[in-house]
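Just add 5 to wherever you are in the sequence shown, counting from 1, and you've got the working numbering.
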Amino acid sequence: MIAYSSYNADTAPVLANTVWILIGNIIVSLLAGAAVFGTLGYMAAEQGTQIAEVVAGGPSLVFVVLPEAISLLPAFSSLFAVAFFATIVMLGIDSAFSILEGIAAGFKDALPNLSVKKVTLTLSAVAFVAGLPFVTDGGLYLLDTLDHFTINYGLVAIGALEAGIVGWLYEDELKAYINKRSGWQVGNLWSIALKYVIPLFLAGLFIVNTYQELQAPYESYPVWLLLAVGVIPVALAPGIAYLVDYLTFQNAETE
Numbered sequence: 006m007i008a009y010s011s012y013n014a015d016t017a018p019v020l021a022n023t024v025w026i027l028i029g030n031i032i033v034s035l036l037a038g039a040a041v042f043g044t045l046g047y048m049a050a051e052q053g054t055q056i057a058e059v060v061a062g063g064p065s066l067v068f069v070v071l072p073e074a075i076s077l078l079p080a081f082s083s084l085f086a087v088a089f090f091a092t093i094v095m096l097g098i099d100s101a102f103s104i105l106e107g108i109a110a111g112f113k114d115a116l117p118n119l120s121v122k123k124v125t126l127t128l129s130a131v132a133f134v135a136g137l138p139f140v141t142d143g144g145l146y147l148l149d150t151l152d153h154f155t156i157n158y159g160l161v162a163i164g165a166l167e168a169g170i171v172g173w174l175y176e177d178e179l180k181a182y183i184n185k186r187s188g189w190q191v192g193n194l195w196s197i198a199l200k201y202v203i204p205l206f207l208a209g210l211f212i213v214n215t216y217q218e219l220q221a222p223y224e225s226y227p228v229w230l231l232l233a234v235g236v237i238p239v240a241l242a243p244g245i246a247y248l249v250d251y252l253t254f255q256n257a258e259t260e
């Protein structure tokens, strides 16, 4: 989102765009939740079991639950099935766009003379090689582990740090920028949320997640797997990002 927002015009209504993105995300989440849990309830009733026992979650929701719902349509189920899986393919490609763009934007900002095509091609090649283990026989377990630690720890920590750093170091500049370019104005409540509420809430969530992890390792996977695929990559990510940033800007200054 940060990379995409950098392409906005200086006159773009920052606050209004944020609110509309939030509303759209909520609506889509509610619709998806209603579709998934409605189907899970039906499948649980058919099997005479609890919803929690129908499917464990993860990819099964996409490749088991939703196809089950589509198969129950009174007409044109095959057409909707084709449209559904075509949508999944498009979402996968779009997700790759967002992941690559977030990294490529940093290189393009630091090294404007660098070819955009070369940066994108290099990042795509690295991502392809890094993703090969996930398509092996045990790849689903690797993906599940990395996904768990990235979401529950990596994103939570990044969110807390972003809110805290921006709130304490750049609050005045950001508030002035938003109020200058938006019809709506942000005030003290926004500042309090950015400085205190969001960082403290996310820090508490991080602590709770860590405590639960220590009590019962995720999915009872071997400790070596959790460390090698989950803990170590997530822990090293900030250092690698800083190193790349440092080397990139050092190179930019010498040119």
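Beta carbons: idealized from backbone N, C-alpha and C, even for Gly.
- The C-alpha of F85 is placed about 11 Å away from the C-alpha of P79.
- In terms of Cα proximity to G46, the closest of V70, S65, G209 and N30 is V70.
- Secondary structure note for K185: its alpha helix (DSSP H) is the uninterrupted segment E176 to R186.
- Pairing G235 with L160 gives a Cβ-Cβ distance that is not under 8 Å.
- Boundaries of the alpha helix (DSSP H) around A91: S82 to A115.
- One thing to note: Y182 has its Cβ no nearer than 8 Å to the Cβ of V239.
- The residue from E106, D99 and T44 with its alpha-carbon nearest to that of S76 is T44.
- I31 and A88 have their C-alpha atoms spaced approximately 23 Å apart.
- For V191, the CB contacts under 8 Å within the same chain, skipping 5 residues up- and downstream, are L20, K180, I183 and N184 in chain order.
- Annotation: N193 to A74 spans about 47 Å, alpha carbon to alpha carbon.
- With respect to I197, A168 sits apart: the two C-beta atoms are not nearer than 8 Å.
- Distance from the CA atom of T215 to the CA atom of S82, rounded to whole angstroms, is 44 Å.
- Within the same chain, and ignoring the five residues on either side of E106 in sequence, the residues whose Cβ sits closer than 6 Å to its Cβ are A8.
- Here F133 is exposed, its C-beta having fewer than 16 other C-beta atoms within 10 Å.
- If you check the CB distance, T125 and A109 come in under 8 Å.
- DSSP, read as helix, strand or coil, puts S65 in helix.
- Distance from F139 to L128 at the Cβ level is roughly 17 Å; contact not present, criterion being Cβ atoms closer than 8 Å.
- The closest CA to that of L248, considering only G111, L219 and G53, is found on G111.
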